[in-house]
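Here's the structure we're looking at; comments come further down.
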Amino acid sequence: MLEKNERLLEVKGLKKHFPVTKGIRRRVSGYVKAVDGISLFIRKRETLGLVGESGCGKTTAGRTMLRLIEPTEGKIWFKTSEEQRVELTKLDKKQIKSLRKEMRMIFQDPYTSLDPRATIMEIVSEPLKVHKLARRRDLEQRVRTLLESVGLKAQYMRRYPHEFSGGQRQRIGIARALASNPRLIIADEPVSALDVSVQAQVLNLLKDLQGEFNLTYLFIAHDLSVVRHISDRIAVMYLGKIVEVGETEEVYQRPRHPYSEALLSAVPVVDPDRKAKRILLKGDVPSPINSPPGCHFHPRCQYAERVCSQEEPSLKDIGNEHYVACHFNGSLALKATT
Amino acid sequence: MKLRKGTNVIEAEKGKGYLQLVWRKFKRSKTAIGGGIAIVIISILSFFSPFFSPYDYLDYQPRQSFRPPQRIHFFDHKGKFHWRPFIYNLKLEMDPETYSRIYEEDTSWRFPIRFLVKGWEYNLFGISSNLHFFGVEEGGTIHLFGTDIYGRDLLGRIFLGGRVSLSIALFGAIVTVIIGSIMGAVSGYFSGRVDMVIQRAIEIIQSFPQLPLWMALSAALPKTWSSLDIFVAMIVIFSLLNWPLLAREVRGKVLSYREQDFIMAIKEMGGSDARIIFKHLLPNCLSHIMVVLTLSIPELILMESVLSFLGLGIQPPMVSWGVLLQRAQNIQTLGQHPWITLPGFFIIITVLGFNFLGDGLRDAADPYSVRRT
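Read top to bottom, the protein sequences are chains A and B.
The opening residue of the first sequence carries number 3 in this note's numbering; numbering runs sequentially from there.
The opening residue of the second sequence carries number 11 in this note's numbering; numbering runs sequentially from there.
Here you go:
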């Protein structure tokens with residue numbers, strides 16, 4: 003029970019299915035199962051990395067967890083600042099709105115996530131205005147402090163987004179997220195649109211801010227080297243399901259799921275003397291409307307057996323805080339990166 | 011620059027905001043600036059019309075009926091130059107051959123034009139005054155645009171008419187913009203059934219031929235209504251029939267902005283739909299809204315003039331440019347006293363002015379489309 007109290011966010015059986023309509027009568031012909039039953043938790047002051055390739059449902063998962071998109075099924079628990087564990091799907095509009103200041107999001111595209119007609123001051127102070135967290139005359143000072151804490155000069159307040167570079171815009175987005183003193187920040191691929199050198203700066207900033215403001219991060223990304231740098235634990239997603247969860251180094255060094263193994267082998271290695279042994283998965287990612295029966299990954303898995311096409315594996319605890327969804331967890335000798 | 015304790019000495023820099031960028035581009039277009047100046051001048055003349063009218067426009071002077079415009083002279087009949095422009099009185103003469111009445115200049119006495127003179131009393135927005143921009147001393151007349159059938163100074167009546175014509179157009183355009191932009195934004199943002207209903211309404215309204223519809227609605231106004239009621243009713247009719255155009259454009263823009271991250275960001279922080287529409291979507295549609303505003307105004311001026319000219323719409327004793335032109339319907343009157351078409355000249359200048367202004371604005375708006383970071 004002590005462990006449960008430490009969990010800031012917990013998700014169980016979260017599903018989001020988008021109906022596909024056909025014809026004039028708009029009858030439903032199928033569902034895009036973007037998120038197909040995921041369960042995870044994030045501890046206070048922890049960073050959980052959520053990785054997977056494009057289209058696996060990680061962005062949808064992040065937005066569904068905040069109820070920006072309404073979940074089809076599942077439960078979401080959040081520990082509020084009053085130390086109350088609330089279940090988000092049961093809250094009404096007013097309660098959700100009040101919680102929104104504690105769970106914030108950083109968006110992926112720095113070029114479309116800021117209102118082009120608003121000044122930086124207006125953008126960053128907006129959460130304060132929405133939740134009435136500061137008086138009008140204090141707004142400027144608050145924004146000044148926020149900008150300084152993300153490494154931007156306060157005199158930029160009256161400028162417009164188009165006058166800044168991508169990295170600076172992301173910092174503005176981070177300042178906006180910090181404005182309401184959140185406990186949880188869901189960072190949806192915050193560095194994917196930036197140059198590599200700028201990526202490092204923003205990542206370091208995020209790490210510093212985590213220590214400074216006691217933040218908890220859900221870090222969604224598809225770049226594994228980035229995720230390794232910042233996450234305490236990682237969860238690997240494939241086709242709407244979580245296939246492996248564990249502490250970062252544990253997963254990177256001892257992956258237990260064939261998909262994780264393949265993903266990790268694809269990470270570029272900096273050492274020119276080391277030959278990269280890439281595992282090439284056969285086939286393409288199937289459509290989320292028609293996911294394969296049994297284990298979703300089995301058509302591309304080099305270790306697949308008959309049972310894999312018949313039964314869907316559930317996430318099993320294999321000790322050491324490591325969970326895998328594979329029928330052969332533990333028995334496969336999977337290669338790893340170091 | 012006051013230095014408050016603790017303030018950063020380097021004052022926060024002002025960014026090159028949207029309006030500054032638009033203004034810079036706008037300044038380059040000479041026709042747009044010209045149009046703007048013309049409008050400003052006419053607006054001032056209309057707004058302060060009593061100040062600029064040497065004669066009371068209600069002044070019923072049948073003996074001064076249909077006097078032609080008097081010319082401003084700098085040279086007198088002897089060829090001598092005078093610094094101060096002056097006026098000759100008109101005297102009624104009879105042509106010895108045709109026995110028709112003609113007006114001749116009475117060169118026996120010069121009436122210099124004086125500025126800031128005292129004249130008839132008027133009340134302008136609560137301030138009483140008898141100061142007028144120009145005038146001549148007792149005994150002289152100064153009808154720069156001539157007089158109408160009742161001997162009333164046409165210049166003053168044109169300026170007075172300008173008030174009504176311009177304000178109907180302005181208010182009509184403002185109400186149009188308000189209704190149009192809100193309906194367009196709501197339609198685009200909420201989609202679904204709301205969108206469908208609004209779109210059908212737009213299509214129905216737009217499928218009517220404009221002029222017959224204007225005429226029918228104006229003709230339906232009871233003649234017993236007071237001038238003010240008719241004035242307000244005209245504004246309502248105009249905006250009801252004009253909002254669909256803007257609504258469509260705003261809806262298009264809203265549809266394109268709706269899916270962008272910065273809108274999701276407002277939702278994510280807990281912002282309401284109203285906040286999204288009014289603080290984020292509509293300000294981003296400002297370029298379209300501004301252009302439609304400035305192009306609606308000339309359209310409404312023309313419409314009002316047409317309707318009043320035909321006897322619908324504004325009725326005498328309220329004066330508008332269209333009402334003034336009613337007299338010009340009679341060919342005989344028109345032939346003998348061509349100066350009564352002068353209100354038409356003002357209509358043309360105003361409409362052209364707004365059109366040039368609107369064109370210039372449309373070219374200058376959306377400066378972000380040129381800029382790319």
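Where is the CB? At the ideal position from N, CA and C, for every residue including glycine.
- Taking 7 Å as the cut-off, the beta carbon of V269(A) is found no closer than this to the beta carbon of H259(A).
- With a threshold of 7 Å between beta carbons, T114(A) makes contact with chain B.
- Chain-order list of chain A residues neighbouring F272(B): T114, S115, L116, D117, by C-beta distance under 7 Å.
- By the 16-neighbour rule on beta-carbons within 10 angstroms, M206(B) is exposed.
- C-alpha of K284(A) to C-alpha of Y240(A): approximately 15 Å in a straight line.
- Using beta-carbon distances, E259(B) does not count as an interface residue toward chain A, since no partner is under 7 Å.
- Between G194(B) and chain A, the shortest Cβ-Cβ separation is not below 7 Å.
- Contact check between the segment 49–62 of chain A and the segment 219–234 of chain A: three or more CB pairs, one atom from each, fall below 8 Å, which counts as touching.
- Here the segment 173–189 of chain A makes contact with the segment 207–225 of chain A; the two share three or more CB pairs at distances below 8 Å.
- When secondary structure is reduced to three states using DSSP, M107(A) falls in the strand class.
- Chain-ordered listing is empty here: chain B has no CB closer than 9 Å to the CB of K318(A), the nearest sitting near 34 Å.
- Residue contact check for R102(A) against chain B: a CB pair falls below 7 Å.
- For H133(A), the residues of chain B that pass the 9 Å Cβ criterion are M279, G280, in the order they occur in the chain.
- Look at Y65(B) here: in three-state DSSP terms it is coil, with no helix or strand label.
- The beta carbon of D69(B) lies closer than 7 Å to those of R162 in the same chain, with the five residues before and after it left out.
- Annotation: A284(B) has no Cβ neighbours in chain A at a cutoff of 9 Å; minimum Cβ distance is about 11 Å.
- Within its own chain, no residue has a Cβ closer than 6 Å to the Cβ of M274(B) once the five positions on either side in sequence are excluded.
- Counting only the Cα atoms, P122(B) lies some 57 Å from A120(A).
- For E128(A), the chain B residues whose C-beta falls within less than 9 Å of its own C-beta are A275, I276, M279, G281, R285, K289, listed in chain order.
- Residue-level contact by beta carbon holds for M107(A) and chain B, with a gap shorter than 7 Å.
- Listed along chain B is no residue with a C-beta nearer than 7 Å to that of D140(A); the closest approach is about 13 Å.
- D111(A) reaches chain B at D271, counting residues in chain order whose Cβ is nearer than 8 Å.
- What N140(B) touches in chain A, judged by beta-carbon distance under 9 Å, is nothing: the nearest beta carbon there is about 47 Å away.
- Contact between P326(B) and V316(B) does not hold, since the beta-carbon distance rounds to 17 Å and is not under 8 Å.
- In this structure the segment 256–270 of chain B touches the segment 184–200 of chain B; the number of beta carbon pairs closer than 8 Å is three or more.
- Distance from the CA of L100(B) to the CA of Y113(B), rounded to the nearest whole angstrom, comes to 6 Å.
- Taken through DSSP and simplified to helix, strand or coil, E246(A) comes out as strand.
- For P353(B), no Cβ of chain A is located within less than 7 Å of the residue's own Cβ.
- For the pair A179(A) and R106(A), the CB atoms are nearer than the 7 Å cut-off.
- Linking W130(B) to P60(B) through their CA atoms gives a straight-line distance of about 9 Å.
- Under the 10 Å beta carbon count, Q346(B) is surrounded by fewer than 16 other beta carbons and is classified as exposed.
- Listed in chain order, the non-local C-beta contacts of R280(A) below 7 Å within the same chain comprise S267, A268, local neighbours out to five positions each way being set aside.
- Contact of K96(A) with chain B is not assigned, every C-beta pair being separated by 7 Å or more.
- Around N294(B), the beta-carbon contacts reaching into chain A at under 9 Å are D117, P118, R119.
- About 10 Å separates the CB atoms of F364(B) and I52(B); that is not less than 8 Å, and the two are not in contact.
- According to DSSP, residue pairing for I78(A) in a beta bridge involves V13(A).
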